[in-house]
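Residue numbers (our numbering): 6 to 126.
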């Protein structure tokens with residue numbers, strides 16, 4: 006900005022500019038996080054990641070307090086379902102899986118979070 010005279014009244018500083026510790030630490034780069042789960046898949050529905058969030062402090066307009074997510078490892082397609090109680094997990098999850106299996110004419114091979122299997126049986 007100074008060399009192109011973009012700002013009026015800007016004076017050139019003389020001498021060496023010292024950097025404070027906070028600036029130095031803020032510029033330090035680090036190596037990226039290693040992927041703790043690196044299983045690769047070759048087909049849709051080969052591996053599902055299932056997660057439940059909640060209970061939320063503020064309910065949805067329909068009175069739902071929880072969010073159930075299902076992510077297909079291969080396609081990265083995700084499904085989100087809102088539920089009111091934890092008792093609904095197995096039924097809603099089975100509905101999502103059945104819908105996806107029918108769409109792809111395939112079956113789920115395994116899921117990373119196996120807790121729902123015990124709830125469903």
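In this text, a Cβ means the ideal position worked out from N, Cα and C, and glycines have one as well.
Asked                                                                                                                            : Found
Same chain, Cβ closer than 7 Å to residue 101, five either side skipped, listed in chain order                                   : 75, 84, 86
Nearest-angstrom Cβ-Cβ length linking residue 69 and residue 89, presumed shorter than 8 Å                                       : 5 Å
As assigned by DSSP and simplified to three states, the class of residue 60                                                      : coil
Residues that residue 77 bridges to, as DSSP identifies them                                                                     : 53
Reduced DSSP secondary structure (H/G/I, E/B, other) of residue 23                                                               : coil
As assigned by DSSP and simplified to three states, the class of residue 85                                                      : strand
Chain-order list of residues whose beta-carbon lies under 7 Å from that of residue 64 (same chain, five-residue window excluded) : 70
Beta-carbon proximity of residue 147 to residue 73, cut-off 7 Å                                                                  : For residue 147 there is no data in the structure shown, the boundaries of the chain being 6 and 126.
Neighbourhood of residue 21 by C-beta distance below 8 Å, restricted to the same chain and skipping five residues each side      : none
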